[in-house]
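Read through the structure below, which is laid out as structure tokens, and then see the notes.
2 protein chains.
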Amino acid sequence: MENKQHMVIFQPSARRGLIDEGTNLIEASRQLGVDIEALCGEKKVCGKCKVRIEEGFFEKFGITSKKENVSEWQEEEDKFFNAEQKAQGYRLGCVAKVHGDLLVFVPEEARAGKQVVSKAARDIPIEWNPAVKLYYVEVEPPSFEEPTGDFERICRVLEANHGLTGLTVDWHALKTLPRILREGKWTVTTAVWMDKEVIRFWPGKKEDCYGVAIDVGTTTMAAYFCNLRTMEVFTTTSMMNPQCKYGEDVMARITYHMMNPGGLETMSKDLFDGLNSLIVQGCESTHPKKKKKKKAEDGVDSISEGAEVEEEVVVEEAVAVAGNPGGNGDTYLRLAPEDLLDMTLVGNTAMHHIMLQLDPEFVGLAPFPPVIHRSLDIKARDLGIGINRSGYVHVLPNEAGFVGADNVGVLIAEEPYKGEEMQLLIDIGTNGELVLGNKEKLISCSCATGPALEGAQLSYGMRAAPGAIERITIDPETHEVNYKVIGRDAWSTYSKPEEMKTKGICGSGILDVLAELYAAGVINKSGRFSKSQKSNRYRKNPDTKQPEFVIAWANETSIGKDVVITQKDVRQIQLGKGALYTGCKLMMRRMGLEKVDVIKIAGAFGTHVDKTKALIMGLFPDCDLDRVLAVGNAAGDGARAALLNREKREEANWVAVNVEYIELTVEGDFQQQFMEAMQVPHMKDEFPHLEGVVPPEILHQK
Amino acid sequence: MENKQHMVIFQPSARRGLIDEGTNLIEASRQLGVDIEALCGEKKVCGKCKVRIEEGFFEKFGITSKKENVSEWQEEEDKFFNAEQKAQGYRLGCVAKVHGDLLVFVPEEARAGKQVVSKAARDIPIEWNPAVKLYYVEVEPPSFEEPTGDFERICRVLEANHGLTGLTVDWHALKTLPRILREGKWTVTTAVWMDKEVIRFWPGKKEDCYGVAIDVGTTTMAAYFCNLRTMEVFTTTSMMNPQCKYGEDVMARITYHMMNPGGLETMSKDLFDGLNSLIVQGCESTHPKKKKKKKAEDGVDSISEGAEVEEEVVVEEAVAVAGNPGGNGDTYLRLAPEDLLDMTLVGNTAMHHIMLQLDPEFVGLAPFPPVIHRSLDIKARDLGIGINRSGYVHVLPNEAGFVGADNVGVLIAEEPYKGEEMQLLIDIGTNGELVLGNKEKLISCSCATGPALEGAQLSYGMRAAPGAIERITIDPETHEVNYKVIGRDAWSTYSKPEEMKTKGICGSGILDVLAELYAAGVINKSGRFSKSQKSNRYRKNPDTKQPEFVIAWANETSIGKDVVITQKDVRQIQLGKGALYTGCKLMMRRMGLEKVDVIKIAGAFGTHVDKTKALIMGLFPDCDLDRVLAVGNAAGDGARAALLNREKREEANWVAVNVEYIELTVEGDFQQQFMEAMQVPHMKDEFPHLEGVVPPEILHQK
């Protein structure tokens, strides 16, 4: 029995195709390659996936679209739409199901934006010892006296000259050997993995080979392409995690898996497709630039049934590398994906599990046991990853259910276990992952910072994409606002309203907002709006009756609505910073520490945040300001270290076992500590050294 | 540009389909699943692939077939057809190419027969130590105090109870773990490969697991299905090697590879398809019998375009095993292919290479170096072999270009390297493979016995299939012949002519023929037909003018022609037995031996041959008759030993390196020895002990 299908068209992208009866509009948008925001993972609570059903006969497409062609209005939708919007045909994409032909308009605010990703590789010291090494071999041709087979003929030399014994060989590589050995006139270069297995042959002499280290974040993915001989990073590519359409945070994706049979495989496949895009783009960047193919996007009348959308990949550096061993003056590496012989992967435990199709349900349930801790070496062909099919993908180990391989990456990059200094490593993503310790002992914990610190799940929170507010000041006298958005250098007071095209507030702007709201007296210490408001920016929302503060007026935005901070939003930020601070505090108590020697903040948040404001607002515990360091994408650095030095892989497995994971919520006074930590700013007596550094009006404000 | 295609129909099977313009009829028959004999591998020399182009309009099929619809007559065809046959439309399938619609009749003699294969497992002592073992594990559920992940939780017990450390896990197996562990209420059985890698999990306790050992012969393949706990062989299946259609012997197949781009992959795929048929049939035999599906065969008007032909698989034993651990009184194992967790493979070097898509060209060129000697462990999923996808296929090592993994199998089954006795191991296939030695030293050689000793490439040679002459006597007085065919118990003198349905002579009948021709005085010592012929069975062929002797008159055959032995056939047999004897002789000389202690003959030839006649005819060197042993399919036994005892795998790698391969043809007096060895029978002074055992008229005949 075949399912009935209907024509569904999304505007403004005009993507269209036949969709099964009963499919919801979020799922339909996925099938047609239209990205609609679905922050809560279709739990009908975030209200991000607003769409509008257009009515009428559309001659261009030959369909009649009616509001009756979707499923009935549901109670959950009431809180996101007023009567007028309801009349206009607004619906939640996760609620409305296809029952007939439809023309669906996706408002800009509901379109999943493309994030500006900045994940260049840092210069960290790595000792050369890659898992894949090349060995050049010359052999005698076979004779009746010595008719030994091709592979053993080579192995004999590898053993004599390099001490490699008991080598195995990948089947696909072996198939190429007889021709290559004769083409090279009995000289051959072998690529050997972990001194164990030959994974590729070339005729004659070859000096360079290549690999890629990838950090799979919940939101973004970054790939670092390395020459395995010189250790040089010759290209970096990055893109959104394609799983974002299944939900913004890991819990939403775990829920998607639990609610959708086959959802795990779908999310995994999407991720691998994304990784393959990164790989292809990274390789393409080593060729002379071709004219860029025009992307089928908005306004193009593309006919698609489950259309493939080219994911947008950001290439950090266009590459023309000198000294290409290929010679002939060509300065391009001209790599193909099969030239990548090794790959390392890091990601949090949920990403790790979803990627590898390991049931993530139990990682989301107390006591959060992962399916596996130790690192995995899986043939690229098994995963369907498009590096050389004989190569391995090395997936770094997980510490615990909420402290994954990405944290292990941070640790092997920063190596707190090698020194005396008491280091606090903070990786703020949707979850905060914390490690505290030195060579004597390391403990880790995870704290539910929530997505607020990254700018998500606030009324106008968004990713760090063009139009996102990233800096803000509020005049204490007038409560007037001045702000800056990503993608425009001029601040709002220096711009015409229509030039701002503001869309929302991103993570690095959030702390600014909280600090400024407090410093200007808009909110008080407990986070509540104060009684003494000085502008019409403060108001009660006519619908929700909740107090809110307008950051940007509708005429400054591209979404046609005031961008506001609500009382609930302030609470969300307080919860996030409180959780993080409590995590740090309780970890220090466990270790008997008053103060840490160094705080290292990993991730984009650390790079963008104003560390003085962060300290004052009470995000981190007390520390000398010049010892608060942003270490960038340390997880990616760890992946790269494991790519270029195989001993780092052993170190990672050691770390994963030897970092003690602490479950903080079971501490007796957790709630008490948490409540205190939510105060804005944090109690000043904990920051005596800030006197003189920080403006007194902030430090001493009651 | 698409190729033009024509409808080609083969009779009597009525298989039909569209075939590309210019395809020869052998290739067309392959594509349509019709097996035509192609003994020489399309070199246009064997003349086996005779077909007849039918003329006229065939209403049933709606086509008009004309002789003009195939390519022009070629010179090579002249020697196989007379003018009358040419007029009737006879052509060689390897010559005639499709240029239009065709109805092609395949005469019975050209149809590739299905061989009667008899490859039951022998009872050889094997110590229990399989590569795959099961371990039952009980663990505590995770808690906040002990939230260790699933896999590590299990590994801890495996290490404590069984000393297994550093275990890895197959990705596909790992994916099943979280559900299975919870389904089993924190008890689980693990299958561990080589104490290294976990390849499967089951909830709760499981005791038995299964594997299969397969011997890939040039002509036939046999699979032995074993319980890896009890070591019992619960089913044996066997079938023709599907590559036979590309040529009868290894050189023909190597030629096919060299002449046809992609031919190597095609032959490999056919072989794997065949192995998968063996596996499926073996598993099906463990279920209650289903009504057998009627096979689409002769006379069925099946429409097929590149139709799949079900290969005929012979199941030796239908299985209803007692004590099935599944319980509930069901005595059937009810295995699925995924229940097979391990597999071992043996085959000669060319089969090994073609199977694994390793270029076999150089194995066929002096000094015959193989691509690899050592054993390979390849994931079943990589090869596309349908046992459990996480399981490994263990391919045994090769000794040399002409002494392959099958010979290694024979050695680890017979273990000549463990005793004092000087053993001579003879494996007669299309090539003779010989090993001589004891625990002090082992040498091996290959001798080009040619296919004559197996009944191939003689005028009426054929495989051991129904209708093949397997026993014969010739009356010395009258030169009248009495013979027996496979598939009929009654000898010819006790049968009506039309009851015999003779088709040709198979390997086990060949030596009988030679011995009887000599004993009856039809041929003399040098192999030439003697002057004193006593019947009209001796004649000169009217076409070739060559002398020949009629074994079966046309009215006793199903091919409508006299089955004869020609002078050239006798030469072929002499060449074969001469090559074998010379090999044995020169090996003994190398070792300084006059006589060997034991002769072991492996393969079907050894089982069927009359060893007295063989000794007299000079097939083997002198040995006590009761020390000449047929050891059956010792190569298969070796594969089974390696399946059930992993130490046998190490032993095999040791043997492959430590057997010294001797190239005999470079010995100075090789030609001289060879000429002498071709005499019929062999010089009697080499067999003094046969006096009194053998009829004097044979032993002393001049």
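The listed protein sequences correspond, in order, to chains D and C.
Numbered according to this note's numbering, the first sequence terminates at residue 702, and the numbering increases by one at each position without gaps.
Numbered according to this note's numbering, the second sequence terminates at residue 702, and the numbering increases by one at each position without gaps.
Cβ atoms here follow ideal geometry from the backbone N, Cα and C, with glycine treated the same way.
This structure is a prediction, so every number in the text was calculated from the model and none was measured.
Check: Of the residues 410(D), 209(D), 423(D), which one's Cα is nearest the Cα of residue 397(D)?
Finding: 410(D)
Item checked: Three-state class that DSSP yields for residue 529(D) in the structure shown -> strand
Margin query: My output table needs one value for residue 473(C): the three-state DSSP class, helix, strand or coil.
Written below: strand
Next item on the list: Within the same chain, show all residues whose beta-carbon is closer than 7 Å to that of residue 65(D), passing over the 5 residues directly before and after it, in chain order.
Entry: 53, 54, 55, 56, 58, 101, 102, 103
Note to self: Does the contact criterion of 3 or more C-beta pairs under 8 Å hold for the region 21–30 of chain C versus the region 443–462 of chain C?
What the structure shows: no
Margin query: Report the CB separation of residue 192(C) from residue 135(C) in whole angstroms; it is logged as a contact under 8 Å.
Written below: 6 Å
Next item on the list: Starting from the Cα of residue 63(C), find the closest Cα among 658(C), 6(C), 185(C) and give me that residue.
Entry: 6(C)
Check: Quick one: is the Cβ of residue 620(C) within less than 7 Å of any heavy atom of the ligand GDP?
Finding: By its list of ligands, the structure shown contains no ligand whatsoever, and the ligand GDP lies outside what it can speak to.
Notebook entry, point to check: Residues in its own chain within less than 7 Å of residue 401(C) by CB, not counting five upstream and five downstream?
Noted result: 349, 363, 368, 369, 370
Note to self: Quick check on this structure: which residue in 167(D), 574(D), 552(D) has the alpha carbon closest to the alpha carbon of residue 493(D)?
What the structure shows: 552(D)
Notebook entry, point to check: Using a beta-carbon distance below 8 Å, is residue 373(C) in contact with chain D?
Noted result: yes
Notebook entry, point to check: Does any residue of chain C bring its CB to less than 8 Å from the CB of residue 243(D)?
Noted result: no
Next item on the list: Counting only the same chain and skipping the five closest in sequence on each side, list residues whose C-beta sits under 7 Å from that of residue 272(D).
Entry: 383, 384, 385
Checklist line | Runs of alpha helix (DSSP H) lying entirely within the region 584–643 of chain D, each at least 4 residues, in chain order | finding: 604–608, 611–617
Note to self: Give me, in chain order, the residues of the same chain whose beta-carbon lies closer than 6 Å to that of residue 569(D); leave out the 5 immediate sequence neighbours on both sides.
What the structure shows: 458, 459
Checklist line | residue 502(D) - DSSP class collapsed to helix/strand/coil | finding: strand
Check: Are the Cβ atoms of residue 498(C) and residue 486(C) separated by less than 8 Å?
Finding: no
Item checked: Integer Cβ distance of residue 648(D) from residue 412(D), believed to fall under 8 Å -> 5 Å
Notebook entry, point to check: Closest Cβ-Cβ distance between residue 123(D) and chain C: below 8 Å?
Noted result: no
Next item on the list: Check each residue of the region 122–151 of chain C: if its Cβ is closer than 7 Å to any Cβ of chain D, include it; give the result in chain order.
Entry: 142, 143, 144, 147, 148, 149, 150, 151
Check: Listing by chain order, which chain C residues have their CB less than 9 Å from the CB of residue 263(D)?
Finding: Here the premise fails: no neighbours, minimum Cβ distance about 14 Å.
Notebook entry, point to check: Can you list, in chain order, the residues of its chain whose CB lies under 6 Å from that of residue 148(D), leaving out five sequence neighbours each side?
Noted result: none
Check: Do we get a CB-CB distance below 8 Å when we pair residue 55(D) with the residues of chain C?
Finding: no
Check: What's the call for residue 281(C), buried or exposed, on a 16-neighbour Cβ count within 10 Å?
Finding: buried
Check: Taking Cβ to Cβ, would you say residue 231(C) is nearer than 8 Å to residue 73(C)?
Finding: no
Next item on the list: Give a yes or no on whether 8 Å exceeds the smallest Cβ distance from residue 668(C) to chain D.
Entry: no
Note to self: Which residue marks the beginning of the alpha helix (DSSP H) containing residue 518(D), and which one marks its end?
What the structure shows: 507–519
Next item on the list: Please go through the same chain and pick out, in chain order, the residues whose beta-carbon is closer than 7 Å to the beta-carbon of residue 71(D), but skip the five residues on each side of it.
Entry: 96, 97, 99
Checklist line | Reduced DSSP secondary structure (H/G/I, E/B, other) of residue 227(D) | finding: strand
Next item on the list: With a threshold of 16 other CB atoms inside 10 Å of the CB of residue 592(D), please say whether the residue is buried or exposed.
Entry: exposed
Margin query: Less than 8 Å between the C-beta atoms of residue 139(D) and residue 157(D), yes or no?
Written below: yes
Next item on the list: Under 8 Å by Cβ, that's how I've got residue 389(D) and residue 380(D) pegged, so tell me the actual separation to the nearest angstrom.
Entry: 6 Å
Margin query: Spatial neighbours of residue 130(D) within its chain, please: C-beta separation below 6 Å, excluding the five flanking residues on both sides.
Written below: 228, 644
Next item on the list: Kindly give me the distance between the Cβ atoms of residue 659(C) and residue 435(C), rounded to whole angstroms, as I take these residues to be in contact under 8 Å.
Entry: 6 Å
Checklist line | Residue of 212(D), 261(D), 419(D) minimising C-alpha distance to residue 442(D) | finding: 419(D)
Check: Out of curiosity, what's the CA-to-CA distance linking residue 68(D) and residue 171(D)?
Finding: 59 Å
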